[in-house]
Each structure stands twice: as C-alpha cells, then as structure tokens.
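Quick notes on the structure that follows.
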Amino acid sequence: MTLASVVLAAVACLGFFALMFLGSKVLPGRIVQGGVNESGAPKQYRLNGLALFLLTAVAQVVIAWSGLWSPAAIFRYFPALFVTANAFTLLLGFLLFFEGRRAGHGLGVGPANKLHDFLWGTRLNPEWRGVDLKMFSYRPSLIGLGLINVSFAFVQYQAYGELTARMWLYQLFYFGYLANYFQFEHGMLFTWDVLVERLGFLLIWGNYVLVPFFYSLPGWYLLDNPEPLRPAAATGLVLLYLFGFWLFRGANEQKHRFKINPRAEIWGKPAQTIGEKLLVSGFWGIGRKLNYTGELCLYWAWTLLCGSGSFVPYLLPLWLTLLLCHRAWRDEKRCRQKYGELWLEYCRHARFRMLPFLY
Ligand code: NDP
32 MTLASVVLAA
42 VACLGFFALM
52 FLGSKVLPGR
62 IVQGGVNESG
72 APKQYRLNGL
82 ALFLLTAVAQ
92 VVIAWSGLWS
102 PAAIFRYFPA
112 LFVTANAFTL
122 LLGFLLFFEG
132 RRAGHGLGVG
142 PANKLHDFLW
152 GTRLNPEWRG
162 VDLKMFSYRP
172 SLIGLGLINV
182 SFAFVQYQAY
192 GELTARMWLY
202 QLFYFGYLAN
212 YFQFEHGMLF
222 TWDVLVERLG
232 FLLIWGNYVL
242 VPFFYSLPGW
252 YLLDNPEPLR
262 PAAATGLVLL
272 YLFGFWLFRG
282 ANEQKHRFKI
292 NPRAEIWGKP
302 AQTIGEKLLV
312 SGFWGIGRKL
322 NYTGELCLYW
332 AWTLLCGSGS
342 FVPYLLPLWL
352 TLLLCHRAWR
362 DEKRCRQKYG
372 ELWLEYCRHA
382 RFRMLPFLY
C-alpha cells in the first residue's frame, strides 16, 4: 500500500459518499412517517434507497461495459480503501460528537461521559441538509458492500475467464438480499437501530467499515476457489437461502404491517394480539425472533458456498450468530421493561426465541 494509493482511495471514497448523499437528497421517493425524534415529534423520511441502489447497479454495468473503469480496481485498492474508510468514520464520529455536544446533547462533563458520547452518540436522528444521517448511512454501507462483491466477480473473471458456480450463486444470493433491504427500506424505520440507538462512532464504524469490508469475506474467499459445486449441494444451499428469505422477510413484513395497522391480516386471518400491542399471529406466534433466524440462514447459505477448505469465511456467520443472539437478549430486556406483564404473557405464548424447542 503506497501513499499514492491511499490518496486515490480517499478521493474515490469521498466521491462515492458524496454521490450517495446527492442521490439521497435529489432522487424521488415515498415520504413515509417513521417513529418520533428525541423531542417527541413525529419524523418523516424520504425513502429513495431502492432507486439509488438500482441506479448505482446500472451505472456500474454501463461504466464497466464502456471500459472506462473496471470494478476489479476496488479489489486492487482494498487495503487503501479500508484505511480511508476508517479515517472517514473517525472524522465523522468526531464531527457528530462535537456538533451534538455543542447543541446541548450528551451526558455531560468528565472523560467517561465524553467517551460514551463519542462511542454511542449524542443524538438519535441527526440530519444534515435535510437528510437523516442514520438512515443514510445504510446506503453507502450496503451499496458499498454490493460494489465490493461485484469487484470479486470481476477479478475472478479476469483470472479464470469465467465465474464459478459458487461465485454465481454468491452474487445472486447477495444481490437478492441487498435488493430486498432497499425494497423494504420502510421496514427499517421501526427497527431497534433506528428507534433506539444514537448515532455515534460505533454505529458509524459498523456501517462504513464493518459491513462493506467484513461482510464481503466469503466473496473474497470464493475468488480463488474454483472448486466445482455438486448439484445436490447447490440445491441444498438454494433451499436454505429461500427458506431463510421466507422467514426473514415474512417475519419483518408481518410485524411492520401490524405496526402500521393492528387489524392487518396475517396468513389470511385478522392479527391476534396480546393487549393489542404484541403480535402473536404468524411467525411471531411461533418464535419471538424468527426474523433473526431467517437472516442467519441467508448468511450461512452464502458462506457454505465456500466449502470446508478454511474456517476464515465462517467468521462472518459466526459473528452474526453471536451478534443476533446477544441482540435478541438485549431487545427482550427492553421489551420486558416496556411491556411488563404483557411481555411475560407473550413469552408464555411464543416460548422460543430463534429455534423452536431449542432456544
Ligand atoms: P426486530 O425487528 O425484531 O424489532 C424488535 C422490536 O420489535 C422490539 O423492540 C419491539 O419494539 C418490537 N416487537 C418485538 N416483538 C414484537 C411482537 N411480537 N409484536 C409487536 N412488536 C414486537 O429487531 P431489530 O430491530 O433488532 O432487527 C431488524 C432486522 O434487522 C432483523 O431482521 C435483523 O435480522 C436485522 N439485523 C441485521 C443485522 C446485520 O448485521 N445483518 C444486524 C442487526 C439486525 P416496539 O417497542 O416497537 O414494540
């Protein structure tokens, strides 16, 4: 890694973030009501992530086709881009920290409070030029992850003259997952991160560094593994992926519809509830966190494409399994406090979190 490559990577990173921001500002999108901001006022969001995602995908194809630039460059500059992304998150973390404290948010004086404010943030939904910075940060994060994935495919094509079946499936699986995120962007408005987490360095680092650079680990491993994939294994992984998708998207969608309209139909029948607050129909009556289980199936499906040659790509689904198990515990603690007896009754009805009869 040379200084010149870091400078080039910095220009590319800043250009990419600026284009993402511009797109978020100007592209048309539905105006949707989200939760409340920290002063209790309802907050509106313009959801144009899908347009931005598709536009980026088309632009990438056109630019690569025209020969102006090859996505393989992302792979070549990977270390420099990684360094730059880290520097950017530090800068953004400090900017948000100083701005938040200047505006009177945050915990107060003392080094421990300052460190807490820096790491966990001072504000729930900071905006810049009319764009909510937290919802925005998922866009460079996931679109960046998509670009890194595609660069692996290009590098493999340049090296072997074709893509392996494993790489094809990896690309298709991930594309479906990312497209689903943006198509269901409205569902994000009622998630833990958006409703509860403040925007501090940790969340920013997670979005701008951890997700693009670490979540692409299986793609990086597949790049140099032209091992054939047996049809039975491919079929099994496609089925695991489809099952995971059905669970993940289905559970998130059911809860979202219920939050918007408590009388919504779930699996063809009016939603059953506990105290009209907690949904017990559909997936939410079978397990309390089946949306997490479904997402884990997706991550295991595309990582299992890597075969058994190395444990390294498996660090990703293992990490996510730990993260989501911890998150399920943390979220339930919050729900117990918020809903009290209703939550206990819900737990008696839906006895398991993520794996019926096991956990
Ligand atoms: P959930 O979407 O499960 O939301 C939890 C909240 O939903 C609770 O705090 C509660 O909030 C409400 N709720 C819980 N149970 C019920 C019920 N039975 N009826 C009605 N409301 C209920 O969790 P997250 O926000 O953590 O995750 C959202 C998605 O993001 C998941 O699919 C998860 O897999 C994914 N995710 C992905 C990560 C990744 O790195 N790939 C990381 C983290 C999450 P309320 O106060 O509104 O009632």
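Each residue of the sequence shown is one higher than the last, beginning at 32 in the working numbering.
Even for Gly, the Cβ is constructed at its ideal location relative to N, Cα and C.
Item: Near the ligand NDP: T222 beta-carbon under 7 Å from a heavy atom; Value: yes
Item: Close beta carbons around G174, own chain, < 8 Å, minus the five adjacent residues each side; Value: A quick correction: the sequence has Ile, not Gly, at residue 174. Correct list, in chain order: M51, L83, F84, T87, L209.
Item: Assumed close pair S182, F106 - CB separation to whole angstroms, cut-off 8 Å; Value: 5 Å
Item: Through-space distance from N156 to A41, alpha-carbon basis; Value: 27 Å
Item: Cβ pair L373, E216 closer than 8 Å; Value: no
Item: E216 beta carbon near the ligand NDP (any heavy atom closer than 7 Å); Value: no
Item: Coil, strand or helix - R61 by DSSP; Value: strand
Item: Continuous beta strand (DSSP E) stretch holding R77: start and end; Value: 73-78
Item: Nearest neighbour of L335, chosen from L349, T324, P102 [CA to CA]; Value: L349
Item: Contained alpha helix (DSSP H) runs [length at least 4] in the stretch 132-182, N- to C-terminal order; Value: 142-151
Item: Given 8 Å, three or more beta-carbon pairs between the stretch 198-214 and the stretch 90-104; Value: no
Item: Straight-line Cα distance separating L150 from L203; Value: 35 Å
Item: For F383 and Q20, the rounded distance between their alpha carbons; Value: The question about residue 20 has no answer, for the chain in this structure spans 32 to 390.
Item: Beta-carbon proximity of Y330 to A359, cut-off 8 Å; Value: no
Item: Residue burial classification, Q75 (beta-carbon count within 10 angstroms, cutoff 16); Value: exposed
Item: 8 Å contact criterion, which Y168 and N68 should meet: CB distance rounded; Value: According to the sequence as given, residue 168 is Ser; it is not Tyr. Contact doesn't hold; Cβ gap of about 17 Å is too wide.
Item: Where K364 sits in the DSSP three-state scheme; Value: helix
Item: M32 versus L121: straight-line alpha-carbon distance, rounded; Value: 20 Å
Item: As assigned by DSSP and simplified to three states, the class of E376; Value: helix
Item: A104 to L39 span [Cα, whole Å]; Value: 11 Å
Item: Whole-angstrom distance between Q64 and L226, CA atom to CA atom; Value: 13 Å
Item: Sheet register partners of F383 (DSSP bridge); Value: G318
Item: Spatial neighbours of A332 in its chain, beta-carbon cut-off 7 Å, leaving aside the 5 residues before and after; Value: F204, L268, L271, Y272, G275
Item: Own chain, CB closer than 7 Å to I313, minus 5 neighbours either side, in chain order; Value: According to the sequence as given, residue 313 is Gly; it is not Ile. Cβ neighbours of G313 beyond the five flanking positions: Q285, I297, W298.
Item: Any non-hydrogen atom of the ligand NDP closer than 7 Å to K74 Cβ; Value: no
Item: Complete alpha helix (DSSP H) runs within the stretch 180-228 (minimum length 4 residues, chain order); Value: 196-214, 216-219, 223-226
Item: In DSSP terms, what V92 is bridged to; Value: Paired residues: none, contrary to the question.
Item: Spatial neighbours of N144 in its chain, beta-carbon cut-off 8 Å, leaving aside the 5 residues before and after; Value: G137, L138
Item: Chain B within 8 Å of G237, Cβ atoms only; Value: In the structure shown, chain B cannot be found, because there is only a single protein chain.
Item: G316 and A381 closer than 8 Å at C-beta; Value: yes
Item: Rounded distance between the beta-carbons of G124 and F232, thought under 8 Å; Value: 3 Å
Item: Neighbour-count burial assignment, L127, 16 or more Cβ in a 10 Å radius; Value: buried
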